[in-house]
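**Student:** Residue numbers (the working numbering): 476 to 1328.
Ideal placement from N, C-alpha and C gives every residue a C-beta, glycine not left out.
Encoded as structure tokens, here's the structure I'll be asking about.
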Amino acid sequence: MINLFTYNSTNKYKDTIKKINTTQDKLKNESDQFLQKQTIKLQNEIKNSDINKQNIKIQAFAAVKEAIFRATSLTLFDVQILGGLTLNDGNIAEMKTGEGKTLVALLPAYLHSLTNKGIHIITVNDYLAERDAKLAQKVFSYLGTDIGLITQNTTSEARKKEYQKHITYITNSELGFDYLKDNMAIHKHDILQRDFYYAIIDEVDSILIDEARTPLIISGNAKVQTNFYHNAKEISNILQKLIDYKIDEKSKNIILTVTGISKCEKILKIDNLYNINSPWIKYIINALKAKEFFLKNRDYIIKNNEITIVDEFTGRIMTGRRWSEGLHQAIEAKENVKIEAENKVLASITYQNLFLLYKKLSGMTGTAKTEEEEFMNIYKMNVISIPTNKKCLRKDLTDLVYKNEYIKWQAVANECLDMYQIGRPTLIGTTSIKQSEMLSKMLQELDIPHNLLNAKPENVAKESNTILEAGRKKTITIATNMAGRGTDIILGGNPEKIAEQEIEAYITHEYNKKKKEKNLDNNELKSITQNIKFYSNNDINNNNIKNIKELVLLYQQIKNKYQKACEKEKEYILKIGGLYVIGTERHESRRIDNQLRGRSGRQGDKGASRFFLSLQDNLFRIFGGQNIETIINKLNIDNDTPIESMLLTKSLNSAQKKVEAYFYDIRKQLFEYDEVIHSQRKAIYNERKKILNYSFNRDCIIEYGEQTIKEMLNVYYQDRKKEFILEKIIKLLNLKIKVHDLTKMSFNDNKKYISEQFRISYDLKEMYLEQLRPGLIRQLEKYYLLQQIDKAWQEHIDKMNLLKEYIGWRSYGQQDPLIEYKNEAFNLFINMITYIRQTVIYSIMRSRLIIEI
């Protein structure tokens, strides 16, 4: 057992952990009713500012530890409590695979839930959210804490209730889209979320680093420009790489050469491709990007005759997500599928700024140390490495590098054959569907049984079973990007899961049998199928399903039968070295490589990992540079012999660090640019919230009117007293006064007089409308305010996106693009606010009520 207190960074928690364990020991003999009362007691104590908060934390953590034991028969390790304390302090707990992060999150979540402000535990997909929420419900039933769950299938009505629970499990995308929708709501009852208080992010590096490059966008459909996309595709097929355009693989950018520009202008019969009134350049660049950078069965698949994105980090399909700014349509044109309408951005936010809205933020993952600078600079979170409960025995072997890519794949296939023959479970990580299927064919030719897991729908459906089998004897598993799979690979197999599968097979058999006999109780069978894994002898008395007792006993018998077999199989696998992980290409980030390696060596198990690489791999080709080429040329080795060199590995690590730094700069730039619009977003959203929550918005209208009068009079007196400005004021406010009377007054007199006339006019309109239909003026105020704010904000987003696109050219004039962007963004924002005020006043002062007879 490792002594966690030898680690300097965690020494400060030593006494706290001892006190938590001592307090939990006292709770062991108490009743379930006593444990449940602890929540009410702690809720009352936390409101009292005189109570020692440290003591409340100890009691809360001890209560959760005891509840976990009663619900699962698991006793938390000290390192898990240490992880909980790290999260509680607003940091990132780096905990290796299999160390029980799911349970760790419950400790700080419960403590913060005592304030009843709403805690969010954020996961990367619906499967993990559902799985973790079910476990939390089981644990927190002993403490009387409500657990909410929101997935993409949750209705709007249900979402509001789930957000009101003490602790809510949700995916990052659902959280973000609900936030944006709330800030587009037209009635306060439509708002789903409470103010953001405290969040715990699972797979924090995946969400805050990997997904930080892509903002969340709510969009509406614009007009479909089908001809533009098809014509641009034809042009892209004519243009030749290196002659007509150059590609920058690092930034995934296309640059047209002078020859390419001339060729495009000739084909399109236009004088200037870059003319501001010509739309073509955007379509041609996107068509070239679709041609060069976006590959079928790597970046996307075609599912139901639609382009479906494949997540580059997790290998999962991203149903419903689309690339923005016309890129998705360019790929649809490339693949000859129906081109959907391009999206108009209605609201957007980056994950960085979304999560910075929380008063307190923490996260957990198996791999975060390599990005700790970014976590600190952007999110103000330290990365704390939590020691493993048992020492990690995995051996990370030196990379094998082949000159030829095909020889590399042959070597991987032969390695799989060797492992299969001795019975050692092997997991092979590939970076694309195409690679996984190619390796699968090679293994078929060698008569090696294997499982395939990639983004194709037929494989996704059996994902959990594939991972479940991955630790069994003689099992070879090919998987695309194992990051964030969320299921442990258990050596020898999991007897509980095997028993569940047999029970479900039995239920299916009974279902079909009863179906034939037309004696089918659908609800009964569905209930058993969905909940069998959660049944225990304690549950039987509370369940009225027929024959459930027999099923539970059968489940226990099957589980006990497999328990010994699985243990025996595990012993054999450990003797031959444990799970063997093979990487077939180094990722752009060391973190993703570490996630793949981390599948092996769970909870002190033996294991090994090795990367098989070739000089044609992207990392070598794009980022390797001269150093690696020099090393290879010095080593006079034939194509079939792998290069095993520490110097080469160091060069590769150096290349990865360069890539990480490059993408960090991209995310940092995105963050800096979005911070500008984020401050504007907060101002607009706060104004919307104020309008939504007030039933009496008259004061807001009067304020808008008086501010408009002041601004326009300023222009009048600064612009040589041009009378048309006074005419605009009178027309805007719909006043019955003469311009000639205003020209003789001073600024202050004019301001006072016009403001009085505006108030009188507004009072008369209010009286008139109230007589016709009581309460109508209040409805009109809210309607016009929200309508014009939303319309102006959407137009502002479009302008800001255009500004960001062309502002980069300022650097050629020795100007800082970010400073220029901030200055111009400020002017655009002021213009937008002025436009909102004027259009609201103009609309409401001209509103008429038409009574239908």
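If you drop the 5 nearest sequence neighbours on each side, which residues of the same chain put their C-beta closer than 8 Å to that of residue 868?
**Tutor:** Here residue 868 corresponds to residue number 393 of the sequence shown, with the count starting at 1. Taken in chain order, the residues that qualify are 1053, 1076, 1079, 1080, 1081, 1082.
**Student:** Can you tell me the Cα-Cα spacing of residue 679 and residue 776, whole angstroms?
**Tutor:** Locating residue 679 in the sequence shown gives position 204, where the first residue counts as 1. Locating residue 776 in the sequence shown gives position 301, where the first residue counts as 1. Approximately 27 Å, taken between the alpha carbons.
**Student:** If residue 906 and residue 955 are in contact, beta carbons under 8 Å, what's the gap, nearest whole angstrom?
**Tutor:** In the sequence shown, counting from the first residue as 1, residue 906 sits at position 431. In the sequence shown, counting from the first residue as 1, residue 955 sits at position 480. That belief holds up - the Cβ atoms of residue 906 and residue 955 are roughly 7 Å apart, short of 8 Å.
**Student:** What's the C-alpha gap between residue 843 and residue 873?
**Tutor:** For the purposes of this step, residue 843 is taken as residue 368 along the sequence shown, with counting starting at 1. For the purposes of this step, residue 873 is taken as residue 398 along the sequence shown, with counting starting at 1. Computed Cα separation, rounded: 22 Å.
**Student:** Quick one: using the 10 Å Cβ neighbour count with 16 as the cut-off for buried, is residue 1308 buried or exposed?
**Tutor:** One-based indexing of the sequence shown puts residue 1308 at position 833. It counts as buried.
**Student:** Does the beta-carbon of residue 1069 have 16 or more other beta-carbons within 10 angstroms, so that it is buried, or is it exposed?
**Tutor:** For this step, residue 1069 is matched to residue 594 along the sequence shown. Buried.
**Student:** Is DSSP giving residue 677 helix, strand or coil here?
**Tutor:** If you number the sequence shown from 1, residue 677 lands on position 202. DSSP places residue 677 in strand when its eight states are reduced to three.
**Student:** Since I believe residue 642 is in contact with residue 611 (beta carbons under 8 Å), could you give me their beta-carbon distance rounded to a whole number of angstroms?
**Tutor:** Translated into the one-based positions of the sequence shown, residue 611 becomes position 136. Translated into the one-based positions of the sequence shown, residue 642 becomes position 167. Indeed, because the Cβ distance is near 7 Å, the residues count as touching under 8 Å.
**Student:** Please state whether DSSP places residue 810 in a helix, a strand or coil.
**Tutor:** Taking the first residue of the sequence shown as 1, we reach residue 810 at position 335. It is coil, neither helix nor strand.
**Student:** Suppose contacts are defined by Cβ-Cβ distances below 8 Å. Is residue 716 in contact with residue 710 by that definition?
**Tutor:** Reading the sequence shown from its first residue, position 241 is the one you call residue 716. Reading the sequence shown from its first residue, position 235 is the one you call residue 710. Their beta carbons are not under 8 Å apart, which means residue 716 does not touch residue 710 by this criterion.
**Student:** Taking the straight line between their C-alpha atoms, what separation do you get for residue 764 and residue 755?
**Tutor:** Within the sequence shown, numbered from 1, the residue matching residue 764 stands at position 289. Within the sequence shown, numbered from 1, the residue matching residue 755 stands at position 280. Taking the straight line joining both Cα atoms gives about 14 Å.
**Student:** Would you check if the region 557–569 and the region 605–619 touch, i.e. whether three or more CB-CB distances between them fall below 8 Å?
**Tutor:** Because the criterion of three Cβ pairs below 8 Å is not met, the region 605–619 and the region 557–569 do not touch.
**Student:** For residue 901, count neighbouring Cβ atoms within 10 angstroms of its own Cβ and tell me buried if that reaches 16, exposed if not.
**Tutor:** Numbered from its first residue, the sequence shown carries residue 901 at position 426. The residue in question, residue 901, is buried, as its Cβ has 16 or more Cβ neighbours within 10 Å.
**Student:** If we count Cβ pairs, one from each stretch, closer than 8 Å, do we get three or more for the region 1145–1155 versus the region 820–839?
**Tutor:** They touch, by the three-pair rule.
**Student:** Figure out for me which residue from 804, 748, 747, 1292 has the closest Cα to the Cα of residue 761.
**Tutor:** Taking the first residue of the sequence shown as position 1, residue 761 is located at position 286. Nearest of 804, 748, 747, 1292 to residue 761, Cα basis: 804.
**Student:** Which residues share a DSSP beta bridge with residue 1084?
**Tutor:** On the sequence shown, residue 1084 is found 609 positions in, with the first residue counted as 1. The partner list for residue 1084 (beta bridge, DSSP) reads 871, 1056.
**Student:** From residue 1215 to residue 802, what distance separates their C-alpha atoms?
**Tutor:** Walking along the sequence shown from the start, residue 1215 turns up at place 740. Walking along the sequence shown from the start, residue 802 turns up at place 327. Approximately 57 Å, taken between the alpha carbons.
**Student:** Less than 8 Å between the C-beta atoms of residue 533 and residue 494, yes or no?
**Tutor:** Mapped onto the sequence shown, residue 533 falls at position 58. Mapped onto the sequence shown, residue 494 falls at position 19. The answer is yes: Cβ separation under 8 Å.
**Student:** Kindly provide the ranges of any beta strand (DSSP E) runs that are 3 or more residues long and lie completely inside the region 896–931, ordered along the chain.
**Tutor:** Fully enclosed beta strand (DSSP E) runs of 3 or longer: 901–905, 926–928.
**Student:** Answer yes if the region 1054–1064 comes into contact with the region 1022–1038, meaning at least three C-beta pairs across the two stretches below 8 Å, and no otherwise.
**Tutor:** Segments in contact, no.
**Student:** Using three-state DSSP, classify residue 837 as helix, strand or coil.
**Tutor:** In the sequence shown, the residue the question calls residue 837 occupies position 362. Strand at residue 837.
**Student:** Determine whether the beta carbon atoms of residue 953 and residue 921 lie at a separation below 8 Å.
**Tutor:** For this step, residue 953 is matched to residue 478 along the sequence shown. For this step, residue 921 is matched to residue 446 along the sequence shown. Not in contact: residue 953 and residue 921 (Cβ atoms no closer than 8 Å).
**Student:** Thinking C-alpha only, which one of 731, 899, 693 is nearest residue 947?
**Tutor:** Mapped onto the sequence shown, residue 947 falls at position 472. Nearest of 731, 899, 693 to residue 947, Cα basis: 899.
**Student:** Tell me the DSSP bridge mates of residue 471?
**Tutor:** Past the edges of the chain, shown from 476 to 1328, lies residue 471, and the structure says nothing about it.
**Student:** Nearest-angstrom Cα distance between residue 1156 and residue 1322?
**Tutor:** Counting from one through the sequence shown, the residue named residue 1156 turns up at place 681. Counting from one through the sequence shown, the residue named residue 1322 turns up at place 847. Answer to the nearest angstrom: the Cα atoms are 29 Å apart.
**Student:** Using only CA atoms, which one of 530, 618, 586, 492 lies nearest to residue 512?
**Tutor:** For the purposes of this step, residue 512 is taken as the residue at position 37 of the sequence shown. Taking only the C-alpha atoms, the option nearest residue 512 is 618.
**Student:** Nearest to residue 964 by CA position, among 1130, 572, 1237, 636, is which residue?
**Tutor:** Here residue 964 corresponds to residue number 489 of the sequence shown, with the count starting at 1. Among 1130, 572, 1237, 636, the Cα nearest to that of residue 964 is on 572.
**Student:** Any beta carbon of chain B sitting closer than 8 Å to that of residue 1081?
**Tutor:** Among the chains in the structure shown there is no chain B, since it carries only a single protein chain.
**Student:** In chain order, which continuous runs of the alpha helix (DSSP H) of length 4 or greater are located wholly inside the region 562–647?
**Tutor:** Taking only runs of at least 4 residues, the alpha helix (DSSP H) segments lying wholly in the region 562–647 are 576–579, 581–588, 601–615, 631–638.
**Student:** Could you pull the start and end residues of the alpha helix (DSSP H) that residue 1216 belongs to?
**Tutor:** Counted from its first residue, the sequence shown places residue 1216 at position 741. From DSSP, the alpha helix (DSSP H) with residue 1216 extends over 1214–1218.
**Student:** State whether the region 1308–1320 contacts the region 1255–1264, with contact taken as three or more CB pairs (one from each stretch) at a distance under 8 Å.
**Tutor:** The region 1308–1320 is in contact with the region 1255–1264.
**Student:** Under a three-way DSSP split, which group does residue 653 fall into?
**Tutor:** In the sequence shown, residue 653 corresponds to position 178, counting from 1. Looking at residue 653 - three-state DSSP - the assignment turns out to be helix.
**Student:** Taking DSSP's pairing of strands, which residues face residue 695 in a bridge?
**Tutor:** Mapped onto the sequence shown, residue 695 falls at position 220. 819, per the DSSP bridge assignment.
**Student:** How many whole angstroms separate the CB atoms of residue 607 and residue 598, which I take to be in contact at a CB cut-off of 8 Å?
**Tutor:** Translated into the one-based positions of the sequence shown, residue 607 becomes position 132. Translated into the one-based positions of the sequence shown, residue 598 becomes position 123. Yes, they are in contact, since the Cβ atoms of residue 607 and residue 598 sit about 6 Å apart, within 8 Å.
**Student:** For residue 686, collect the residues of the same chain with a Cβ closer than 6 Å to its Cβ; drop the 5 residues on either side in sequence, then sort them by chain order.
**Tutor:** Position 211 of the sequence shown, counting from 1, holds the residue named residue 686. The answer, listed in chain order, is 826.
**Student:** Does residue 728 come out as helix, strand or coil in the three-state DSSP assignment?
**Tutor:** Reading the sequence shown from its first residue, position 253 is the one you call residue 728. Residue state, collapsed to three classes: strand.
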